[in-house]
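Numbering (the working numbering), first residue to last: 680 to 1113.
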């Protein structure tokens, strides 16, 4: 089979694989902190970035798609065609003072295409989750004149991002924009079960559909210096600096709320026997997605070494839903990483592998009971080149922690395994035959 056909087959198989496991995108680990705001915000980076702490704003790599900074699309090589898909399996362990709970999940991380239109204009489009909500929290309280009440709070849903980005490059300087449509349903429920037989139980469910356009912008400057010692190409130094930002956006939202009282309690909320409908309402409004700003830099020495870092902040204190603020605070994140490729021309396959390592520290948008919830972790991985097919298989592992057990809060200890496939094909090139 010709190599071009094999490449197309890999593309088709990957796309079919994506469609087959689409339902897994809804399977997430239990994360109580996803109750707040828009849930857990997903990493912006793709395969290479994930293994290096998530830095990407200043990451220069014309052979990969980098949605973290749309200006990077302007550096795609002529006649190249990029296809990327990612899948993630993760575990989250909830730790309280005297107990713990562990859950597992699998989700699609992204699907994207990138290609040059001219030598100075590059484009990319794809789909990825922007945020996820998935939690189930059980609590108990004793109310005067009523007795014990068991509360169950649950929620699920994804906010997805379909984007189309373009960038324009001139003499090393590039400017880009991603136009995205954010959409997705959320569902949150609350059950109150009273021990007293004289009190009706209560169940309410709130469904919300969010949709709207969002734009983010990027700038990048990249310059390659000639080798001072006149050595081989791999000794040349490339320095890159990037900036990415977006403005506050209003997303349309439609919300419906149903509340019922009931006598019998069953564990499945869809099997309850309602006694009376106490709430049946729907309304439309806006969700205000706050703006953000980030900078990053990277240094690349040929194909052997790559170093870089990012700093990113988002103004979550401006977030609101239907005009109601959610007591969120501004978030900030620092990430850094390194990549080593011993010798990409070597006949020794181990020397052609990309070895990656990174870390991050994040002040999240949550402050609960006066305690800021911080998040930190490290990641490492490899890129396995399939040179005959113009592809790279990316594998990475991330381990981290969010929150604390102080003040009776919940600490999340998590790890994730990431699989990504990057196909870098050459299109529209005439073949020559002897």
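The beta-carbon is built from N, C-alpha and C at its ideal position, and this holds for glycine as well. Predicted, not measured: the structure shown is a model, and the values here were computed from it.
Given residue i as reference, the closest of the options once Cα atoms are compared
i, options, result
"residue 809", "718, 801, 973", "718"
"residue 1048", "1009, 1088, 894", "1088"
"residue 783", "1100, 1095, 1078", "1095"
"residue 1118", "1065, 1044, 780, 796", "No statement about residue 1118 is possible, as the shown extent of the chain runs from 680 to 1113 and does not include it."
"residue 884", "899, 959, 917, 827", "959"
"residue 1002", "716, 1073, 711, 1027", "716"
"residue 858", "749, 874, 920, 918", "749"
"residue 1020", "1012, 985, 1010", "985"
"residue 880", "787, 1078, 1032, 831", "831"
"residue 990", "964, 1031, 1039", "1039"
"residue 1077", "870, 868, 770", "770"
"residue 778", "869, 1104, 1084, 1103", "1084"
"residue 825", "872, 776, 853, 848", "872"
"residue 1051", "921, 919, 1009", "1009"
"residue 1013", "1023, 979, 974, 709", "974"
"residue 780", "1093, 1104, 827", "1093"
"residue 1046", "1030, 1081, 1036", "1081"
"residue 899", "939, 847, 938, 928", "847"
"residue 711", "721, 757, 773", "773"
"residue 720", "789, 1037, 838", "838"
"residue 722", "755, 786, 904", "786"
"residue 977", "1007, 1015, 968", "1015"
Nonlocal neighbours in the same chain, by C-beta distance under 8 Å from residue i, ignoring five residues either side
i, result
"residue 926", "894, 970"
"residue 714", "812, 814, 816, 832, 834, 867"
"residue 756", "741, 742, 795"
Contacting residues, own chain, Cβ-Cβ under 6 Å from residue i (five flanking each side not counted)
i, result
"residue 935", "886, 961"
"residue 1097", "729, 767, 1075"
"residue 745", "735, 738, 751"
"residue 1071", "1062, 1064, 1101"
"residue 724", "733, 735, 747"
"residue 705", "Only weak support exists for where residue 705 lies, its pLDDT of 47 falling under 50; the coordinates are left without a value."
"residue 921", "736, 737, 748, 899, 975"
One or two residues paired with residue i in a DSSP bridge
i, result
"residue 829", "819, 872"
"residue 1073", "1062, 1099"
"residue 1023", "Note: residue 1023 sits in no beta bridge, so no partner."
"residue 1051", "1046"
"residue 925", "895, 971"
"residue 811", "719, 837"
"residue 795", "801"
"residue 856", "845, 896"
"residue 861", "840, 891"
"residue 1039", "1014, 1056"
"residue 917", "903, 979"
"residue 930", "966"
Spatial neighbours of residue i in its chain, beta-carbon cut-off 7 Å, leaving aside the 5 residues before and after
i, result
"residue 792", "761, 762, 803, 804, 805"
"residue 836", "812, 863, 864, 865, 866"
"residue 966", "889, 930, 932, 1000"
"residue 790", "697, 764, 805, 806"
CB contact below 9 Å: residue i versus chain B
i, result
"residue 752", "No chain B is present in this structure, which holds just one protein chain."
Enumerate, from N- to C-terminal direction, the unbroken alpha helix (DSSP H) stretches of 4 or more residues contained entirely within the stretch 932-997.
Listed in chain order, the alpha helix (DSSP H) elements of length 4 or more contained wholly in the stretch 932-997 amount to none.
What residue ranges within the stretch 718-788 form continuous beta strand (DSSP E) runs of no fewer than 3 residues, ordered along the chain?
Listed in chain order, they are 759-774.
For the stretch 793-801 against the stretch 816-833, do three or more pairs of beta-carbon atoms, one drawn from each stretch, fall closer than 8 Å, so that the two count as touching?
With a cut-off of 8 Å, the stretch 816-833 and the stretch 793-801 do not count as touching, because too few Cβ pairs lie within range.
Can you give, in chain order, each stretch of the beta strand (DSSP E) that sits fully within the stretch 877-904 and has at least 3 residues?
Listed in chain order, the complete beta strand (DSSP E) runs (minimum 3 residues) inside the stretch 877-904 are 880-904.
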